[in-house]
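Engineer: Please see the structure below; I have some questions.
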Amino acid sequence: MVYENPDGVKIGLEIHVQLNKLNTKMFCGCSTDYHDAEPNTHTCPVCLGLPGALPVLNREVVKAAIKVGLALEGEIAEETQFHRKNYFYPDLPRGFQTTQYDYPIVSNGKVVIEGEDGEHEVGIWRAHMEDDPGKLVHIGSIEKSKGVLIDYNRSGMPLIETVTAPDMRSPKEARRFLDKFRNILEYLDVFDGNLEGAMRMDANVSVYGGTRVEVKNISSHKGVEKALLYEIMRQKNVIRRGGEITQETRHFDEARGVTIGMRTKEEAEDYRYFREPDLMPMRVSDWIPGIKETLPELPDAKRARFIEQYGITDMHAKSLTSKIMLADFYEGVCKAGADPKQAATWIADVLLGELNYRDLVIASYDGNAIGCFNDKDHSITNSARVTDMVELVALFTDGKISDRAAVEVIRSILDGEEEKTPTEIVEEKGLFKAEDDLVTKAVSEAIAENEAAVQDYLGGAEKSLNFLVGQVMKKTKGTADAKTAREMLVKELKG
Amino acid sequence: MAEAKWMSVAQVKEQIRESSAEEVTASYLEVIGKSKLNGYVAVSEKAVEQAKEIDSKGHKGPLAGVPIAIKDNISVKGMQNCCGSKILEGYVPPFNAHVIEKLQAAGAVILGKTNMDEFAMGSSTETSHYGPTLNPWDLERVPGGSSGGSAAVVAGGEAPFALGSDTGGSVRCPAAFCGIVGLKPTYGSISRYGVVAYANSLEQVGPLANNVSDIAALMDVIGGYDNRDSTSIDRKIAYQEALKDDIKGLKIGIPKEFFGEGINPDVEKAVWDSIHRCEDLGASWEEVSMPNIPYALASYYIIAMSEASSNLARFDGTRYGYREKGENWHSMISKTRAEGFGVEAKRRIFLGTYALSAGYHDKYYLKALKVRTLVKQDFDKALSKADVLMAPTMPNPAFKIGEKIEDPLTLYLSDVNTCPINLAGVPSISVPCGFTDGLPIGLQVIGKPFDEASILQAAYAFEQNTDHHTRRPPEVA
Numbered sequence: 000m001v002y003e004n005p006d007g008v009k010i011g012l013e014i015h016v017q018l019n020k021l022n023t024k025m026f027c028g029c030s031t032d033y034h035d036a037e038p039n040t041h042t043c044p045v046c047l048g049l050p051g052a053l054p055v056l057n058r059e060v061v062k063a064a065i066k067v068g069l070a071l072e073g074e075i076a077e078e079t080q081f082h083r084k085n086y087f088y089p090d091l092p093r094g095f096q097t098t099q100y101d102y103p104i105v106s107n108g109k110v111v112i113e114g115e116d117g118e119h120e121v122g123i124w125r126a127h128m129e130d131d132p133g134k135l136v137h138i139g140s141i142e143k144s145k146g147v148l149i150d151y152n153r154s155g156m157p158l159i160e161t162v163t164a165p166d167m168r169s170p171k172e173a174r175r176f177l178d179k180f181r182n183i184l185e186y187l188d189v190f191d192g193n194l195e196g197a198m199r200m201d202a203n204v205s206v207y208g209g210t211r212v213e214v215k216n217i218s219s220h221k222g223v224e225k226a227l228l229y230e231i232m233r234q235k236n237v238i239r240r241g242g243e244i245t246q247e248t249r250h251f252d253e254a255r256g257v258t259i260g261m262r263t264k265e266e267a268e269d270y271r272y273f274r275e276p277d278l279m280p281m282r283v284s285d286w287i288p289g290i291k292e293t294l295p296e297l298p299d300a301k302r303a304r305f306i307e308q309y310g311i312t313d314m315h316a317k318s319l320t321s322k323i324m325l326a327d328f329y330e331g332v333c334k335a336g337a338d339p340k341q342a343a344t345w346i347a348d349v350l351l352g353e354l355n356y357r358d359l360v361i362a363s364y365d366g367n368a369i370g371c372f373n374d375k376d377h378s379i380t381n382s383a384r385v386t387d388m389v390e391l392v393a394l395f396t397d398g399k400i401s402d403r404a405a406v407e408v409i410r411s412i413l414d415g416e417e418e419k420t421p422t423e424i425v426e427e428k429g430l431f432k433a434e435d436d437l438v439t440k441a442v443s444e445a446i447a448e449n450e451a452a453v454q455d456y457l458g459g460a461e462k463s464l465n466f467l468v469g470q471v472m473k474k475t476k477g478t479a480d481a482k483t484a485r486e487m488l489v490k491e492l493k494g
Numbered sequence: 000m001a002e003a004k005w006m007s008v009a010q011v012k013e014q015i016r017e018s019s020a021e022e023v024t025a026s027y028l029e030v031i032g033k034s035k036l037n038g039y040v041a042v043s044e045k046a047v048e049q050a051k052e053i054d055s056k057g058h059k060g061p062l063a064g065v066p067i068a069i070k071d072n073i074s075v076k077g078m079q080n081c082c083g084s085k086i087l088e089g090y091v092p093p094f095n096a097h098v099i100e101k102l103q104a105a106g107a108v109i110l111g112k113t114n115m116d117e118f119a120m121g122s123s124t125e126t127s128h129y130g131p132t133l134n135p136w137d138l139e140r141v142p143g144g145s146s147g148g149s150a151a152v153v154a155g156g157e158a159p160f161a162l163g164s165d166t167g168g169s170v171r172c173p174a175a176f177c178g179i180v181g182l183k184p185t186y187g188s189i190s191r192y193g194v195v196a197y198a199n200s201l202e203q204v205g206p207l208a209n210n211v212s213d214i215a216a217l218m219d220v221i222g223g224y225d226n227r228d229s230t231s232i233d234r235k236i237a238y239q240e241a242l243k244d245d246i247k248g249l250k251i252g253i254p255k256e257f258f259g260e261g262i263n264p265d266v267e268k269a270v271w272d273s274i275h276r277c278e279d280l281g282a283s284w285e286e287v288s289m290p291n292i293p294y295a296l297a298s299y300y301i302i303a304m305s306e307a308s309s310n311l312a313r314f315d316g317t318r319y320g321y322r323e324k325g326e327n328w329h330s331m332i333s334k335t336r337a338e339g340f341g342v343e344a345k346r347r348i349f350l351g352t353y354a355l356s357a358g359y360h361d362k363y364y365l366k367a368l369k370v371r372t373l374v375k376q377d378f379d380k381a382l383s384k385a386d387v388l389m390a391p392t393m394p395n396p397a398f399k400i401g402e403k404i405e406d407p408l409t410l411y412l413s414d415v416n417t418c419p420i421n422l423a424g425v426p427s428i429s430v431p432c433g434f435t436d437g438l439p440i441g442l443q444v445i446g447k448p449f450d451e452a453s454i455l456q457a458a459y460a461f462e463q464n465t466d467h468h469t470r471r472p473p474e475v476a
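Same order as they appear, the protein sequences are chains H and A.
Just so it is clear: in the first sequence, position 230 is 229 by numbering that gives the first Met the number 0, and no numbers are missing.
Just so it is clear: in the second sequence, position 180 is 179 by numbering that gives the first Met the number 0, and no numbers are missing.
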């Protein structure tokens, strides 16, 4: 099947990623760990842009950028070169941003995503380094705010801006690209996507090969998909009514789900780029082989290995490698002795489903437990331990608990206030699979007590069997295996 | 004790040994108190206290107790750093420039901050928000600029030596106009950390003193690598070791382009007399051609203004310094910058912004960079034939206050012989080499990159065999 792309949609993305896993800022020694700090406590003369302060390029930023470039299969520049992008804004302490212009650190890369019609390649035009400005905090709402406070803790944070080719043909492909891109960056351990402002996106979109429109500053993958769906519809409507699409920059109003015009091309700013005279080029070509060696196994390679090594399905492998922490957790569980196929089912299907249901995102894995981040209130919550999963899988495969009981155990782990092992939970809740004679007794009782249902079933009403199974489960307090109970009932009733 | 006025650093140190750092500092502060020059914009309240501490600790640093004046664009923690501008009114840096750290470690006592053209933009110190500084040789004349305050206080006996900064001649021009010695070191030899940028790719901190030895003594303290300035270069230069009264065999190149139209005949004669004096001392000379020098001035101004337009963007009233009230941020910043910057700073911001703008960038900025490369090549070529180059520092002696200030182009033209050196990044020292109508004339000795040794040696030998540097300005004697 080939995707026809009936509206001739072309989408390109520009993604700003904060390298928030590095210890220090881009041009000074200030700590990047400011997210819980008081405003303006992680600053110095350099990131405040005090007169006379000078930038010194953090080598770790360059190394991280090269890592990203290699992971995107791009070409790496031989040396660093920075330009000044001049504009006035209160959060910009020097009146210019230090960025890369015509000689980015990375060019001509690619990412393969699951497209509308199978594997689809998205070209990466460039990825470059730049510094983040501070942050404006409005007192009250933006419209009614009486004043603005500025927090320069973010000022000077290292960013990588990645620009893709307009290779995506639908909002869904754009979202898939973003998911994959974020996943790759997290594998590289240069970035924590859960921190506020860690990833900001601009999307360019055109239909029928026409003029492109840029939608700026979208903060989530979901937001990009929604903004693009709206924008494509808007552009199609304009054309249908005989209008013309003008080249412009639009803002996405996340709450209303619409894009709003900001400025047209004629109003575009002139940033007066020129070489940053305070930074000398840093030769990096010699670093590349060394950095290549430290490159971790990337999602696609890991997925293939999981299928090969653990004999799990492609679906499971894809799901388990969709986050580095999850992949590591899964391998931890396997290495600790769990049956890999069972572990894959319980982690990819059940655990992940229960996490999603609770709006929990896996945010950490320390070799023992995964920690979760609550996407709703941004809190860090309960985690699942490797030992728990190993125990759970063993309890299940040994036939000691039913699948229903196993799900119950996982829910208890996630919702429980105290840390308990699966065995403790099973004991406490009486979830052990009932002994066979207990089930036999329950089956006999169920048949004896439900004459009508038995007759209905024997008369051909298959549904009545479900009722009887339910009765058996009730009598065994859910400890019976439903499949076994059903088989026993059928045997008893039909001989 | 004897009045410390016009003592060399060696003499000051001797005086400190005989009396104390405290007395020497107090003696300078007394001279400063009586000054008519408007050389200082701020006098340190802690100078005497610092000198006392040096005395009580028995500080052994190379400049222990020696007072020094600092240009008001070099950050000294706890003292104003206003760059001659209203827009930095009230700004006190919370950190020291690299050179200040070095000076304090060496035991130097900071007397105060000196006047300058606003953001170092000028050759006369008339564009300062604090009013003009007067030339000690003639109080109706400018001291040169932009480090006019630093030059005037040294020439006026108000400090044994001083720090300035040189973007297109800002140390050498006032040194020449005030009859003292001033050095623009090789780009990268002194850290710019803490020095407020006018044009980053061109400027260096530079010392001003009454003699070449004091310049070398100061360079040994403030020179050297600093990891906070990415343009600083890790290269050891022994400045004082270069001071030898011997220029036998020295090959001097004379670039005729530096003796161009409009040069004062007395200046031309004084410089040629100096070259011949060097010949008497065993040096040889030959003319060298530097065909791109006539384009240097235009290239220099485009690059300097372009960089300045970006460097000065941070002065927006948001975080520090002067602020005007506005209805919103845009009007606040517009009013602040309209009120806070002087005419010359605004002119250069406008011109620099223009030169970098889309459609003009290639025509002006990029072309200026190409010229810069050609000028560098001219220096490389000339200095491959000669050990040093000699030329007039300024084509004319100090002009009258107000004489050129209304005519920026004429004022810009006075940098014609100094700014090519900054484009090339090479070192150059200006030494007194004569007088015309009682006004000092400066001889510029230019060297290869990081070969300060050769120009210091040539300047030192010239000084040892001449007496121009011993004359003192009558106005303040």
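Heads up, the beta-carbon is just placed ideally off N, CA and C, and yes, glycines get one too.
Have a look at H/I259 and H/V8 and give me their C-alpha separation to the nearest angstrom.
Structural biologist: Their Cα atoms are separated by approximately 20 Å.
Engineer: Output the residue ranges of the beta strand (DSSP E) runs that lie fully inside the region 68-149 of chain H and measure 3 residues or longer, sorted by chain position.
Structural biologist: Complete beta strand (DSSP E) runs here, min 3: 82-85, 95-98, 105-114, 117-130 and 134-137.
Engineer: Give me the Cα-Cα distance between A/F176 and A/L138, rounded to the nearest whole angstrom.
Structural biologist: Whole-angstrom Cα-Cα distance: 12 Å.
Engineer: So if DSSP puts H/H250 in a beta bridge, which residue, or which two residues, is it bridged to?
Structural biologist: Per DSSP, H/K215 and H/I259.
Engineer: Going along chain H, which residues have a C-beta under 8 Å from A/G424?
Structural biologist: Those do not exist, as A/G424 stays about 12 Å from chain H at its closest Cβ, beyond 8 Å.
Engineer: Is there a Cβ from chain A that is less than 8 Å from the Cβ of H/R58?
Structural biologist: Judged by the 8 Å Cβ criterion, H/R58 is not in contact with chain A.
Engineer: Compute the distance between the beta-carbons of A/A215 and A/L242, then report whether it is under 8 Å.
Structural biologist: Result yes, Cβ atoms of A/A215 and A/L242 sit closer than 8 Å.
Engineer: Looking at the structure shown, is A/R276 part of a helix, part of a strand, or coil, going by DSSP?
Structural biologist: Of the three classes helix, strand and coil, the one that applies to A/R276 here is helix, per DSSP.
Engineer: Could you work out which residues of chain H lie near A/L355, taking near to mean beta carbons separated by less than 7 Å?
Structural biologist: What A/L355 touches in chain H: R271 and F273.
Engineer: Identify the residues that DSSP records as bridge partners of H/R199: which are they?
Structural biologist: The partner list for H/R199 (beta bridge, DSSP) reads H/H15.
Engineer: For A/V170 versus A/G163, is the C-beta spacing smaller than 8 Å?
Structural biologist: Cβ distance < 8 Å, so A/V170 and A/G163 count as in contact.
Engineer: Going by beta carbon distance, what residues of the same chain come within less than 8 Å of H/L354, once the five residues before and after it are set aside?
Structural biologist: The answer, listed in chain order, is V360, I361, C371 and L413.
Engineer: Taking Cβ positions only, does A/V195 come closer than 8 Å to chain H?
Structural biologist: So yes, A/V195 belongs to the interface.
Engineer: Use the C-beta contact count for H/S169: other C-beta atoms within 10 angstroms, 16 or more gives buried, fewer gives exposed.
Structural biologist: The residue is buried, with at least 16 neighbouring Cβ atoms inside 10 Å.
Engineer: Please list, in chain order, the chain A residues whose beta carbon lies closer than 8 Å to that of H/N193.
Structural biologist: Near H/N193 there are no residues of chain A at all, since even the closest Cβ is about 31 Å away, more than 8 Å.
Engineer: Please report how far the alpha carbon of H/K476 lies from the alpha carbon of H/E307, in whole angstroms.
Structural biologist: Distance between the alpha carbons of H/K476 and H/E307: 40 Å.
Engineer: Which same chain residues, not among the five before or five after H/H119, have their C-beta less than 6 Å away from its C-beta?
Structural biologist: Counting only Cβ-Cβ distances below 6 Å, and skipping sequence neighbours, we find I112.
Engineer: Would you mind working out which of A/G437, A/I253 and A/V211 sits nearest A/T465, comparing C-alpha positions?
Structural biologist: Ranking A/G437, A/I253 and A/V211 by Cα distance to A/T465 puts A/V211 first.
Engineer: Chain H partners of A/R313, CB-CB under 9 Å?
Structural biologist: Near A/R313 (Cβ distances below 9 Å), the residues of chain H are G48, L49, P50, L91, P92, R93, G94 and F95.
Engineer: Relative to chain A, which residues along the region 334-347 of chain H have a C-beta separation below 9 Å, given in chain order?
Structural biologist: The region 334-347 of chain H vs chain A, Cβ under 9 Å: nothing.
Engineer: How is A/Q79 classed by DSSP in three states: helix, strand or coil?
Structural biologist: Coil at A/Q79, not helix or strand.
Engineer: Hey, H/T98 and H/E74: beta-carbon distance below 8 Å or not?
Structural biologist: Cβ distance not < 8 Å, so H/T98 and H/E74 don't count as in contact.
Engineer: Tell me whether the beta-carbon of A/G320 lies closer than 8 Å to the beta-carbon of A/L62.
Structural biologist: No. Outside cutoff.
Engineer: Buried or exposed for A/R140, going by 16 or more other Cβ atoms inside 10 Å?
Structural biologist: Under this definition A/R140 is a buried residue.
Engineer: Here's the rule: buried if 16 or more other CB atoms are within 10 angstroms of the residue's CB, otherwise exposed. What is A/P131?
Structural biologist: Buried: at least 16 other Cβ atoms inside 10 Å.
Engineer: At what residues does the alpha helix (DSSP H) containing H/F176 begin and finish?
Structural biologist: Note, H/F176: alpha helix (DSSP H), P170 to Y186.
Engineer: Does the Cβ-Cβ distance between A/K101 and A/V220 come in under 8 Å?
Structural biologist: Against a cut-off of 8 Å, the Cβ pair of A/V220 and A/K101 comes out as a contact.
Engineer: List, in chain order, every chain H residue whose beta-carbon is nearer than 8 Å to that of A/S309.
Structural biologist: Those within 8 Å of A/S309 in chain H are R83, N85, G94, F95, R271 and F273.
Engineer: Using a Cβ-Cβ cut-off of 8 Å, state whether A/R322 counts as contacting chain H.
Structural biologist: Taking Cβ atoms only, chain H never reaches closer than 8 Å to A/R322, which makes this a no.
Engineer: Rank H/A316, H/W345 and H/K143 by C-alpha distance to the C-alpha of H/E390 and give the top, closest one.
Structural biologist: The shortest Cα separation from H/E390 among H/A316, H/W345 and H/K143 belongs to H/W345.
Engineer: Going by alpha carbons, who is nearest to A/P93 out of H/D116, H/R410, H/Y186 and H/L47?
Structural biologist: Residue H/L47 is the option with its Cα nearest to A/P93.
Engineer: Can you give, in chain order, each stretch of the beta strand (DSSP E) that sits fully within the region 184-262 of chain A and has at least 3 residues?
Structural biologist: You should have 203-208 and 250-254.
Engineer: Which residues bound the beta strand (DSSP E) around H/A337?
Structural biologist: Run containing H/A337: none; DSSP gives neither H nor E here.
Engineer: If you measure beta-carbon to beta-carbon, which residues of the region 22-44 of chain H are closer than 8 Å to chain A?
Structural biologist: Listed by position, the residues of the region 22-44 of chain H near chain A (Cβ gap below 8 Å) are P44.
Engineer: Taking just the CA atoms, how far does H/Y151 sit from A/A3?
Structural biologist: Answer to the nearest angstrom: the Cα atoms are 48 Å apart.
Engineer: Taking H/N373 as part of the beta strand (DSSP E), name the residues at either end of that continuous run.
Structural biologist: Note, H/N373: beta strand (DSSP E), A368 to N373.
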